[in-house]
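This report refers to the structure that appears directly beneath it.
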Amino acid sequence: MTRLAALLGLALLGLFPWLPLGPARLYILHVAVLILIWGFVGTAWALMGRFGLVSLGHGAFLGLGAYTTTLLWNFWGLSPWIGTPVAVAGAVLLALVFGYPCFRFRVVGHYFALVTLALGEVIRLLIIAERDWTGGSLGLTLKDAGTFNLAAIQFADKRIFYFVALAVWLVGLAVWWRVDRSMTRSALEAIGEDETAAASVGIPVTRFKLRITVVSAALTAVGGVLYAQYMTYLNQGTLAGIGVSLQIVFAVVLGGMYTLLGPTVGTAITIALAEYLRVVFGVKLLGMADTIYGLALILIIIFLPAGLYGGLAALAQRRPRPARALAG
Amino acid sequence: MSLAFAPCPAHGGSEGGRSPPPSKTVLEVAAVTAGYGEFTALWDVTLRVNAGEAVAVVGPNGAGKTTLMRVISGLVPIRAGDLRLDGRSFKGSPAHQIVARGIAHVPEGRRIFPRLSVEENLKMGGFLPTARRHYAETLGRVYDLFPVLAERRRQRAGTLSGGEQQMLAIGRALMSRPTLILLDEPSLGLAPVMVLRLFELIRRVRQEGYTILIVEQNVRQVLSLVDRAYLLEVGRIKVEGRAADLAEQDFVRKAYVGL
Amino acid sequence: MDPILVAEAAVNGILLGGVLALLALGLNLIFGVVDIVWINYVELVMLGMYAVYWLVTAYGWPLPLAALASVALVAVLGALVHLLIIAPILSSPPVNQLLATGGLLFFLQSFATFLWATDHRSLRLALPILDVFGMFLSFARLLAFAVSLLAMLGLYLFLTRTYIGTAIRAVSQDREAMALMGADTRRVYLVTSGIGGAMAGLAGALLIIQYSVHPYFGAAFGPLTFMICVLGGLGNMVGAVVASLLISEVISVGGIITSTEMAYVVAFVIFIVAMFVRPEGILGRRE
Chain A
5 MTRLAALLGL
15 ALLGLFPWLP
25 LGPARLYILH
35 VAVLILIWGF
45 VGTAWALMGR
55 FGLVSLGHGA
65 FLGLGAYTTT
75 LLWNFWGLSP
85 WIGTPVAVAG
95 AVLLALVFGY
105 PCFRFRVVGH
115 YFALVTLALG
125 EVIRLLIIAE
135 RDWTGGSLGL
145 TLKDAGTFNL
155 AAIQFADKRI
165 FYFVALAVWL
175 VGLAVWWRVD
185 RSMTRSALEA
195 IGEDETAAAS
205 VGIPVTRFKL
215 RITVVSAALT
225 AVGGVLYAQY
235 MTYLNQGTLA
245 GIGVSLQIVF
255 AVVLGGMYTL
265 LGPTVGTAIT
275 IALAEYLRVV
285 FGVKLLGMAD
295 TIYGLALILI
305 IIFLPAGLYG
315 GLAALAQRRP
325 RPARALAG
Chain B
454 MSLAFAPCPA
464 HGGSEGGRSP
474 PPSKTVLEVA
484 AVTAGYGEFT
494 ALWDVTLRVN
504 AGEAVAVVGP
514 NGAGKTTLMR
524 VISGLVPIRA
534 GDLRLDGRSF
544 KGSPAHQIVA
554 RGIAHVPEGR
564 RIFPRLSVEE
574 NLKMGGFLPT
584 ARRHYAETLG
594 RVYDLFPVLA
604 ERRRQRAGTL
614 SGGEQQMLAI
624 GRALMSRPTL
634 ILLDEPSLGL
644 APVMVLRLFE
654 LIRRVRQEGY
664 TILIVEQNVR
674 QVLSLVDRAY
684 LLEVGRIKVE
694 GRAADLAEQD
704 FVRKAYVGL
Chain C
23 MDPILVAEAA
33 VNGILLGGVL
43 ALLALGLNLI
53 FGVVDIVWIN
63 YVELVMLGMY
73 AVYWLVTAYG
83 WPLPLAALAS
93 VALVAVLGAL
103 VHLLIIAPIL
113 SSPPVNQLLA
123 TGGLLFFLQS
133 FATFLWATDH
143 RSLRLALPIL
153 DVFGMFLSFA
163 RLLAFAVSLL
173 AMLGLYLFLT
183 RTYIGTAIRA
193 VSQDREAMAL
203 MGADTRRVYL
213 VTSGIGGAMA
223 GLAGALLIIQ
233 YSVHPYFGAA
243 FGPLTFMICV
253 LGGLGNMVGA
263 VVASLLISEV
273 ISVGGIITST
283 EMAYVVAFVI
293 FIVAMFVRPE
303 GILGRRE
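Residue numbers (our numbering), protein chains in the order written: chain A, 5 to 332; chain B, 454 to 712; chain C, 23 to 309.
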């Protein structure tokens, strides 16, 4: 991507809220915020996914992040500015406690996916079990702090959230960029190819895997915090279940795991599709929107296995896309 | 440098045996090119096996010998050329149909079903409807050829020794009542004593009337077993001829070291 | 803590474990042969539950007949799932395979919502509660357990005594070698998927007499089933049964010590720890 294109893109994104968006302006802005938040989360997930660490349990970090800051604010008036580092610390701790034995004992592939799924379930069920303060299956609402509260990170004006989300999203891209250009990337690629070979060459496999997992977890937790502050309502189903984890993975695979903007593009497409279907079907035919969404997912996986963005990028470079590009 | 192919003589070149059947071509590999992905393993390979013959394909590691077997048994598609059985092309047929046509492949590494019993393995060998009809009779013949298998019929195949597993793999192939048997590196991983016994057994199988195409690294041993041999190197046939003619120092050395 | 209550919970755990074992066996069978995890497996169970529910309440079918219909219906569904969704992605990277079945999960859950809304539906059978040595055991549970045992026995006999059953076992050990025996592996996959579906259908029939059904039934039982499969060793049938009983006990007994949700949390944590200690599962084999 050329410097000029990047700058232009950035400028466009910066001016976005002031573009003539028509009567549905607020709604479009809302969708844009969602795309930025989930695109950020997707990019964080892709940090692990691109190296073969396919996690189905990132909902755990999302939920941890969101519920930590919200509970701290609701019960102790602790500002999310302080709550976020706490949430991130929690996510890092969870990633370490879970990741260390996982990687030390070579849990990989299918097993890794299912074990992370179990982790997501543990957090989700904990949230339900402790319903006295988390609200259980009924969900939790962020205690209102007015229409503009910097300390509480609550704003009625969607434009402000747009820029907050944009900033966070850019940070996510920056982290992805750094990892892409670092030693970590080469090491992790070697590990992804052949873990035993990598270890025999002296690469500290566990340490590298842990490092990338911690970074991914921390960022995802921040994504959860952002979601909580924006939506002001949390639910264990939306944040910590297998459903949300699958949606993240799907968006990333669709957009392409190995490119900087791939996860965001994929997220944009899936969210746009979901919203479009919701608008078309509304509440008239409950469930039909998601039915078609599910069908679309299946068809895309079967007929566009290389993902949209990745496939197009390969076409542009006129290089045949290797078949194993997606799983590594 | 290729030795001219001598027409199949009255004397087959290997010891023992009855008068050879008329030299009808059973298997014909015609100018086959094949490979995996972007890699080509076989270039323009041509060979033939006549009824009742035992033919060997020898060559160094990585020459493409196993690929050749897998091409014939249908596990690997070919890019150019043709494959013919009894004159009829079977190019592009899936593996299970090729078995039905009469080609049985004893794969490299034996590939017996470890958690099934010996008899269950043999039962699977006779999966084809035509084989199932004569199951009892064929099973009897296999147990006659390999008494060890009869002794261990209920034993889990994974607990057999290397040599016993090889016998099981061959017996399993026989259960499908084939006309042509492909043997891929049967001596691999076996102790020398076992290898001698194995080749004896293969000789006996041959005497039963089966046509055999065998791929082997153990050149000396296999040349004493077969009528003719081909040398495959880096995917191409370099030498072909009668086993008696080829069992010279020169050829053996070349096969081990490579041209 | 009243020992009778604990005993009752323990027995209930075994009874539940029997039905869960059916689920785990079906999933394991498919994984062992086709080498793909059906993330949507429990959604098929959900459909079986709905099938029995509607046949009994809307069409007045007797329960056993409805159960048979469920088995047949979901068996066909299983074969269809393989033909339409699994077969095209057999050689795709594992991530894609996960997503394809994941997409099917969404599809089935949403379609069920569309057809039948999110209401919980129960058969409301007035089946007796039996007093066994002071423990109160539901007849429905006992019946379900007995049928599960029979089904497991049937599966065992099928896999060991029949030709096609042995062929299925052979394919799970070495599919290429079985192709060299003249077996069309595609047909074996199809039959296996049908059997997996049949077991899901049966499990559905056994569950609808104990629980109510709703489109998101899979959210509760799905992850649990995967966990049981992996804990027992993916592809290992005996392991699946052992793991089912183990986890059911933890949930059942744990449920009376703390809350049911906490018991589930404990079960999942046990699973995670077990994965660290022995990733291939209790009875699994290191490949």
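C-beta: ideal position from N, C-alpha, C; glycine also.
By DSSP, does residue i sit in helix, in strand, or in coil?
i                      : result
residue 520 of chain B : helix
residue 510 of chain B : strand
residue 138 of chain A : helix
residue 110 of chain A : coil
residue 565 of chain B : coil
residue 284 of chain A : helix
residue 483 of chain B : strand
residue 104 of chain A : helix
residue 300 of chain C : coil
residue 24 of chain C  : coil
residue 672 of chain B : helix
residue 542 of chain B : strand
residue 533 of chain B : strand
residue 714 of chain B : What is shown of chain B runs 454 to 712, which leaves residue 714 of chain B out entirely.
residue 585 of chain B : helix
residue 54 of chain A  : coil
residue 59 of chain C  : coil
residue 76 of chain C  : helix
Going by DSSP, what residues sit across from residue i in a beta bridge?
i                      : result
residue 153 of chain A : A:158
residue 557 of chain B : B:634
residue 206 of chain C : Looking at the DSSP assignment, residue 206 of chain C forms no beta bridge with any residue, so it has no partner.
residue 686 of chain B : B:689
residue 307 of chain A : According to DSSP, which records beta bridges pairwise, residue 307 of chain A is partnered with nothing at all.
residue 478 of chain B : B:503
residue 488 of chain B : B:493
residue 237 of chain A : A:145
residue 570 of chain B : B:609
residue 695 of chain B : B:681
residue 498 of chain B : B:485
Go through its chain and collect everything with a Cβ distance to residue i's Cβ below 6 Å, but skip five positions before and after it.
i                      : result
residue 533 of chain B : 486
residue 48 of chain C  : 218, 221 and 222
residue 289 of chain C : 269, 272 and 273
residue 46 of chain A  : 252, 255, 256, 267 and 271
Suppose the cutoff is 7 Å on Cβ atoms and the five residues either side in sequence are ignored; what does the same chain contact list for residue i look like?
i                      : result
residue 219 of chain A : 51 and 179
residue 189 of chain C : 200, 205 and 210
residue 304 of chain A : 258
In its own chain, which residues sit with a C-beta less than 8 Å from the C-beta of residue i, not counting the 5 before and 5 after it?
i                      : result
residue 731 of chain B : Here chain B comprises residues numbered 454 to 712, so residue 731 of chain B is not present and cannot be evaluated.
residue 37 of chain A  : 162, 165, 166, 169 and 234
residue 516 of chain B : 685, 686, 687 and 688
residue 493 of chain B : 486, 487, 532 and 688
residue 104 of chain A : 210 and 214
residue 115 of chain A : none
Query raised in the report: Would the stretch 596 to 607 of chain B and the stretch 631 to 641 of chain B be scored as touching if the rule is three or more Cβ pairs under 8 Å?
Result: They do not touch, by the three-pair rule.
Query - In chain order, each alpha helix (DSSP H) run of at least 4 residues that lies wholly inside the stretch 155 to 227 of chain A - result: Listed in chain order, the alpha helix (DSSP H) runs fully inside the stretch 155 to 227 of chain A are 162 to 184, 187 to 197 and 199 to 204, counting runs of at least 4 residues.
Report task. For the stretch 263 to 283 of chain A and the stretch 239 to 249 of chain A, state whether three or more C-beta atom pairs, one from each stretch, are separated by less than 8 Å. Result -> Contact fails between the stretch 263 to 283 of chain A and the stretch 239 to 249 of chain A, because fewer than three Cβ pairs, one in each stretch, are under 8 Å apart.
Query - Within the stretch 142 to 193 of chain C, ranges of the alpha helix (DSSP H) (whole runs, at least 4 residues) - result: Annotation: the stretch 142 to 193 of chain C contains the following complete segments of the alpha helix (DSSP H) (minimum length 4 residues), in chain order: 161 to 183.
**Report entry** Segments of 4+ residues assigned as alpha helix (DSSP H) that fall wholly inside the stretch 602 to 650 of chain B
**Finding:** Within the stretch 602 to 650 of chain B, complete alpha helix (DSSP H) segments of at least 4 residues are found at 615 to 627, given in chain order.
Query raised in the report: Taking one C-beta from the stretch 117 to 130 of chain C and one from the stretch 220 to 236 of chain C each time, how about it: are there three or more such pairs within less than 8 Å?
Result: Judged by Cβ distances under 8 Å, the stretch 117 to 130 of chain C makes no contact with the stretch 220 to 236 of chain C, as fewer than three pairs qualify.
Requested in this report: Would you check if there are 3 or more beta carbon pairs closer than 8 Å linking the stretch 190 to 202 of chain C to the stretch 63 to 75 of chain C?
Outcome: Touching, no.
Report task. Please list the segments of the alpha helix (DSSP H) lying wholly inside the stretch 220 to 295 of chain C, counting only runs of 4 or more residues, in order along the chain. Result -> The qualifying runs are 239 to 254 and 259 to 279.
Query raised in the report: Is the stretch 207 to 217 of chain C touching the stretch 565 to 583 of chain B, taking contact as three or more C-beta pairs under 8 Å?
Result: The stretch 207 to 217 of chain C vs the stretch 565 to 583 of chain B: no contact.
Query raised in the report: Is it a yes or a no for the stretch 137 to 151 of chain C touching the stretch 233 to 240 of chain C, going by three-plus beta-carbon pairs under 8 Å?
Result: Taking 8 Å as the limit for Cβ pairs, the verdict is that the stretch 233 to 240 of chain C does touch the stretch 137 to 151 of chain C.
**Report entry** Contact the stretch 491 to 505 of chain B vs the stretch 657 to 666 of chain B: 3+ CB pairs below 8 Å
**Finding:** Counting Cβ pairs under 8 Å, three or more are found: they touch.
Requested in this report: Could you tell me whether the stretch 61 to 75 of chain A touches the stretch 215 to 231 of chain A, using the rule of 3 or more Cβ pairs below 8 Å?
Outcome: The answer is yes - the stretch 215 to 231 of chain A touches the stretch 61 to 75 of chain A, with three or more Cβ pairs under 8 Å.
**Report entry** Given 8 Å, three or more beta-carbon pairs between the stretch 291 to 309 of chain A and the stretch 127 to 136 of chain C
**Finding:** Judged by Cβ distances under 8 Å, the stretch 291 to 309 of chain A makes contact with the stretch 127 to 136 of chain C, as three or more pairs qualify.
Query raised in the report: On the three-pair Cβ rule with 8 Å, is the stretch 189 to 205 of chain A touching the stretch 24 to 40 of chain A?
Result: Because the criterion of three Cβ pairs below 8 Å is not met, the stretch 189 to 205 of chain A and the stretch 24 to 40 of chain A do not touch.
Query raised in the report: Does the pairing of the stretch 106 to 113 of chain A with the stretch 293 to 304 of chain C give three or more beta-carbon distances under 8 Å?
Result: Yes, they touch.
**Report entry** alpha helix (DSSP H) segments (min. 4 residues) lying fully within the stretch 34 to 91 of chain A
**Finding:** Whole alpha helix (DSSP H) segments, 4+ residues: 63 to 80.
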